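I have placed the structure first, in the form of structure tokens, so that the comments after it can refer back to it.
Number of protein chains: 2
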Amino acid sequence: MLSKSCQYAIRTLLFICSRSEDHPRVRLQEISEALDSPPAFTSKILQHLVSAKLIQSKKGANGGFEMGEAGCSHITLGQIVEIIEGHSLTAGCILGLSECDEKNPCPVHHIYFPIKVNLNSKLMNITLSEILNDPNLLNINLKT
Amino acid sequence: MLSKSCQYAIRTLLFICSRSEDHPRVRLQEISEALDSPPAFTSKILQHLVSAKLIQSKKGANGGFEMGEAGCSHITLGQIVEIIEGHSLTAGCILGLSECDEKNPCPVHHIYFPIKVNLNSKLMNITLSEILNDPNLLNINLKT
DNA sequence: TCTTAATTGGAGTAGTATATCCAATTATAA
DNA sequence: TTATAATTGGATATACTACTCCAATTAAGA
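Structure (structure tokens):
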């Protein structure tokens, strides 16, 4: 449903956020170990997140990645998906038709539309902080 | 969200069903024209649907494709997705973790799970007939 | 200033999804 | 039985996603 790049991106950001209080700057190696993700590939995704200003990077010794200006409480899952995938998870017609709306719906439109709206609003509204502060969440599980 | 193969498969089946009363057997060419889909690629998908027994094929002059035993009223969207993709649309953890359930959830599990259950039940329960007989559906739009 | 630690960027590889082409096969009908 | 109409199946092409490797760059600290 989500690309692996996008999954890595979300997990990366959740990891950096979860560390942002006691240990704001984390290295690539720490991240890829925490996620069980391939370091070189994770690095590309980090570059992308830096260019989108979700995080900041610092080169050289004691370098690494930390949250950007926005911070954990202003980044939503929906935003991350849009940055990595280039569009929202629910963008477009489920059957791939270029014209599909209330006026000219595909045959599945009436079934899928409410689900789409619901999913999209959930993703666009939930922030990284909210996810991490959920009291139901006993430990933060980001490993494969 | 769905692969193009899967979109073609659903649109193909909707088309065959919509023709199954007055004109049960349709040729590849008719199908790909109705969908605006590449004929050779559509053919591969038809082969797949034949091997899964959702439709039957007949070679030679006057040949073509028609619904299989199950018929339009017993095939659900969920089934088609599983046949083409190899698993349900909502299978697996949204963050890609191999272990993710109520006992050991990923950080997004509590948000995503209800959506997943809802989407899956909708897809597994709606049949091709139900989609085509929806009174809200004025004309059957399957073209790109 | 030199060494070391880190990100950055470019090029390249592997596998999968999408798509095409053509010969082989099968069935109809003249 | 021969020509024609159709699906089938195999080989191939192309684009995209996932991933790797390595040299270049930058910063810290001895």
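Sequences listed follow chains A and B, in order.
To convert, note that position 53 of the first sequence is 1469 in our numbering; the numbers rise steadily by one, no gaps.
To convert, note that position 69 of the second sequence is 1485 in our numbering; the numbers rise steadily by one, no gaps.
Glycine residues also receive a C-beta, built at the ideal position from the N, C-alpha and C atoms.
Keep in mind it's a predicted model, so treat the numbers as computed, not measured.
Can you tell me whether DSSP reads A:S1473 as helix, strand or coil? strand
Taking Cβ-Cβ distances shorter than 8 angstroms, what residues in chain B pair up with A:P1523? In chain order: L1430, I1547, L1548, D1550, L1553, I1556, N1557, L1558.
Where does B:G1561 land, buried or exposed, given buried means 16+ other C-beta within 10 angstroms? Here chain B comprises residues numbered 1417 to 1560, so residue 1561 of chain B is not present and cannot be evaluated.
Can you tell me the Cα-Cα spacing of A:E1446 and A:F1431, whole angstroms? When only Cα atoms are considered, A:E1446 and A:F1431 end up about 10 angstroms apart.
I'd like the ranges of any alpha helix (DSSP H) spanning at least 4 consecutive residues and lying wholly in the segment 1463-1507 of chain B. 1493-1501
Between A:Y1528, A:I1556, A:F1481, A:N1555, which has its C-alpha nearest A:A1507's C-alpha? A:Y1528
The alpha helix (DSSP H) that contains B:T1543, what's its start and end? Element bounds for B:T1543: n/a, residue is neither H nor E.
Residue range of the unbroken alpha helix (DSSP H) whose run includes A:R1435: Segment 1420-1435, the alpha helix (DSSP H) holding A:R1435.
DSSP beta-bridge partners for A:V1442? Paired residue(s): A:F1481.
Could you tell me the alpha carbon to alpha carbon distance between B:I1496 and B:L1451, rounded to whole angstroms? Rounded to whole angstroms, B:I1496 to B:L1451 spans 17 angstroms at the Cα level.
What does the Cβ neighbour count give for A:A1425, buried or exposed, with the cut at 16 atoms within 10 Å? So A:A1425 ends up on the buried side.
Does DSSP put A:P1530 in a helix, in a strand, or in coil? helix
Between the CA atoms of A:H1525 and A:I1510 - distance to the nearest angstrom: 8 angstroms
Just checking B:L1451 against the ligand SAM - is the residue's beta carbon closer than 8 angstroms to any of the ligand's heavy atoms? This structure simply doesn't include the ligand SAM, nor any ligand for that matter.
Verify the CB distance criterion: does B:C1516 have a CB-CB separation below 9 angstroms to chain A? yes
Roughly how many angstroms lie between the CA atoms of B:P1454 and B:R1443, to the nearest whole one? 14 angstroms
Could you tell me which of A:I1547, A:L1429, A:N1541 sits nearest to A:H1464, measuring between CA atoms? With respect to the C-alpha of A:H1464, the residue from A:I1547, A:L1429, A:N1541 having the closest C-alpha is A:L1429.
Would you identify the three-state DSSP class for A:I1461, choosing helix, strand or coil? Looking at A:I1461 - three-state DSSP - the assignment turns out to be helix.
A:I1426 CB to nearest chain B CB: under 9 angstroms? yes
Reference B:N1549, options B:E1449, B:R1435, B:Q1472, B:L1505, closest by Cα: B:R1435
How many Å lie between A:A1456 and A:K1475 at the Cα? 16 angstroms
Roughly how many angstroms lie between the CA atoms of B:L1493 and B:T1543, to the nearest whole one? 6 angstroms
Give me the chain B residues within the contact set of A:Q1565, using Cβ-Cβ distance strictly less than 8 angstroms, ordered along the chain. Nothing about residue 1565 of chain A can be reported from this structure: the residues present for chain A run from 1417 to 1560 only.
Compute the Euclidean distance between the alpha carbons of B:S1459 and B:C1488, then round it to the nearest angstrom. 20 angstroms
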